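> In our numbering, the protein residues as written are 10 to 536.
Just dropping this structure here.
Right, dumping it as structure tokens:
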């Protein structure tokens with residue numbers, strides 16, 4: 010009892026210190042650093058601390074030491090919310106004896122979240138799948154005897170939006186012998202998510218051997234990934250809340266400037282627009298009031314081909330910001346549109362057919378400001394499998410705390426020691442080929458193109474039946490590559506001259522798009 014409104018969270022000096030002396034303190038997660046909780050309990054005489062997760066269904070997470078964790082000398086561990094409820098219920102009826110330490114059983118093979126192989130993206134648009142997923146588990150023999158015929162079974166089920174789950178993958182592999190205190194990665198056959206398409210996927214792993222395992226809690230694991238319409242995210246997706254899943258939030262030690270970046274590859278990119286970003290942020294301040302967070306979209310051209318993003322290889326193309334006017338909450342979801350840094354319009358139209366991008370969320374200032382992570386979705390086994398083919402696009406996050414204007418100093422980029430989990434930042438894109446209400450009839454949108462064929466220039470005269478708040482022009486070539494774009498506000502009639510002198514001979518398409526729909530007309534360039 011720490012005397013606060015949340016007395017079981019252990020954020021203040023305990024009022025019941027006499028009850029803790031010589032015992033294991035049970036504390037709930039929340040409100041303050043884990044190191045503070047454990048140190049308060051130790052100072053009151055506790056011989057160990059168990060922190061219960063306050064989030065059902067999220068298991069145990071890695072506890073950061075924080076500012077005073079280095080002073081803690083007693084064991085301080087975490088259990089799941091569900092385990093905490095079981096222990097508390099047992100305490101109502103009897104004394105509970107708990108042992109903290111390396112209990113060893115004769116037969117005990119298993120793994121943990123870091124040992125699971127996950128897809129390279131927790132959320133990916135169906136149109137952007139460019140990978141095979143290699144399931145597998147790093148299995149450790151924690152028992153006292155060698156284990157024989159250690160088998161990993163992987164089952165993947167797919168649930169389409171509004172549909173029922175269907176098994177789409179069921180494979181097993183067996184390792185003949187796993188010696189005591191050794192770890193081996195048992196790799197299964199690849200799975201192609203492009204073949205089954207959109208939906209919510211659950212991966213179920215089971216680990217068995219010839220012997221009956223005496224500790225079953227580390228023999229079964231599930232993970233998920235989501236093939237979406239228009240979302241990129243490194244971690245898992247929370248379907249119930251329609252946001253990225255977060256299990257923790259991180260910043261740099263001591264607070265101050267911090268930026269976390271995620272890398273993605275966009276294929277057929279000229280058919281898409283980068284629209285917005287979704288992320289979680291929180292602060293150690295009494296509230297978020299006055300906190301300013303930003304998002305930045307960069308295109309990345311790996312000029313030297315080394316797979317590492319250098320500062321001079323990044324081009325900032327879109328920006329977003331949020332300034333909180335919130336005197337109550339210390340954490341919140343942020344959903345903000347990206348603003349094109351060239352046109353200052355909402356949304357960024359990709360200019361190349363294939364493009365690598367980094368989306369970064371950042372805070373600049375002196376406060377402790379955190380960004381959400383999914384610590385249950387780990388990249389360690391994926392990174393191991395990638396080997397020498399690894400690039401910055403493959404990393405679960407890239408941390409930076411030094412920048413000049415929009416450009417981060419990538420020579421100072423970092424990963425936290427021991428943290429290979431995913432930052433929970435979502436990039437939302439829109440498919441321009443379907444992001445229209447209808448094809449506009451000729452009487453609603455008249456397009457006159459001349460001269461046709463065009464040599465040095467093309468004049469486009471556009472007359473709309475109804476005025477539009479925004480009129481967007483695009484010229485694409487026969488392969489669908491964007492070669493020119495322009496956007497107007499408040500238009501009903503317009504006449505524009507476009508230089509075609511640099512365009513190769515061939516067929517092109519002039520498209521107008523309004524709130525009501527779109528219309529396309531073909532023309533030819535002939536020099």
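No residue lacks a Cβ here, since even glycine has one placed at the ideal position from N, Cα and C.
Predicted, not measured: the structure shown is a model, and the values here were computed from it.
#1: What does the alpha-carbon distance come out to for the pair residue 310 and residue 322?
#2: For residue 114, does the three-state DSSP call read helix, strand or coil?
#3: Can the beta-carbon of residue 8 be found closer than 8 Å to that of residue 132?
#4: On the criterion of 16 or more Cβ atoms from any shown chain inside 10 Å, does residue 25 qualify as buried, or is it exposed?
#5: Give me, in chain order, the residues of the same chain whose beta-carbon lies closer than 7 Å to that of residue 54; leave out the 5 immediate sequence neighbours on both sides.
#6: Looking only at C-alpha atoms, which of 292, 373, 253 and 336 sits nearest to residue 303?
#7: Rounded to whole angstroms, what's the CA-CA distance from residue 425 to residue 408? Just pull it up for me.
#8: Please report how far the alpha carbon of residue 285 lies from the alpha carbon of residue 346, in whole angstroms.
#9: Measuring straight from C-alpha to C-alpha, what distance separates residue 61 and residue 152?
#10: So, using beta-carbon positions, are residue 148 and residue 192 closer together than 8 Å?
#11: Can you find a C-beta in chain D that's less than 8 Å from the C-beta of residue 379?
#12: Check for me: the alpha helix (DSSP H) holding residue 392 runs from which residue to which?
#13: If you follow the alpha helix (DSSP H) that residue 47 is part of, which residue opens it and which one closes it?
#14: Taking 8 Å as the cut-off, decide whether the C-beta atoms of residue 241 and residue 435 are in contact.
#15: Taking the alpha-carbon of residue 43 as reference, which of 65, 70, 66 and 56 has the nearest alpha-carbon?
#16: Report the rounded CA-to-CA distance for residue 296 versus residue 339, giving the unit in angstroms.
#17: Which of the three DSSP states is assigned to residue 202 in this structure?
#18: Where does residue 377 fall in DSSP's three states?
#19: Quick one: Cα of residue 206 to Cα of residue 135, how far?
#20: What is the residue span of the alpha helix (DSSP H) that residue 90 lies within?
#21: Flag this pair as yes or no: are the beta carbons of residue 267 and residue 260 separated by less than 8 Å?
#22: By how many angstroms is the C-alpha of residue 243 removed from the C-alpha of residue 517?
#23: Just confirm the distance between the C-beta atoms of residue 437 and residue 300, as a whole number of angstroms; I'd bet it's less than 8 Å.
#24: Quick check on the DSSP output: the alpha helix (DSSP H) that includes residue 28 runs from which residue to which?
#25: Roughly how many angstroms lie between the CA atoms of residue 449 and residue 182, to the nearest whole one?
#26: Report yes if the C-beta distance between residue 165 and residue 210 is below 8 Å; otherwise report no.
#27: Can you tell me whether residue 239 is buried or exposed, with buried defined as 16 or more other CB within 10 angstroms of its CB?
#28: I'd like to check one pair, residue 290 with residue 177: are the Cβ atoms closer than 8 Å?
#29: Which parts of the segment 56 to 83 are runs of the alpha helix (DSSP H), unbroken and 4 residues or longer, counting only runs that do not cross its ends?
#30: Roughly how many angstroms separate the alpha carbons of residue 88 and residue 405, rounded to a whole number?
#31: Where does residue 232 land, buried or exposed, given buried means 16+ other C-beta within 10 angstroms?
#32: I'd like to know if the segment 499 to 510 and the segment 455 to 465 are in contact, where contact means that at least 3 CB-CB pairs between them fall below 8 Å.
#33: Using only alpha-carbon positions, find the residue among 352, 305 and 354 that is nearest to residue 331.
#34: For residue 93 and residue 100, what's the separation of their Cα atoms in angstroms?
#35: Determine contact between the segment 480 to 496 and the segment 347 to 366, defined as no fewer than three beta-carbon pairs at a distance below 8 Å.
#36: Nearest to residue 483 by CA position, among 536, 380, 281 and 64, is which residue?
In terms of the structure at hand:
#1: 6 Å
#2: coil
#3: The requested residue 8 is not part of the displayed model; the chain covers only 10 to 536.
#4: exposed
#5: 26, 29, 30 and 31
#6: 373
#7: 8 Å
#8: 4 Å
#9: 27 Å
#10: yes
#11: Absent here is chain D; the protein component of the structure consists of one chain.
#12: 389 to 395
#13: 43 to 52
#14: yes
#15: 70
#16: 4 Å
#17: helix
#18: coil
#19: 6 Å
#20: 90 to 100
#21: yes
#22: 37 Å
#23: About 22 Å; that fails the 8 Å criterion.
#24: 26 to 29
#25: 56 Å
#26: yes
#27: buried
#28: no
#29: none
#30: 25 Å
#31: buried
#32: yes
#33: 305
#34: 11 Å
#35: yes
#36: 281
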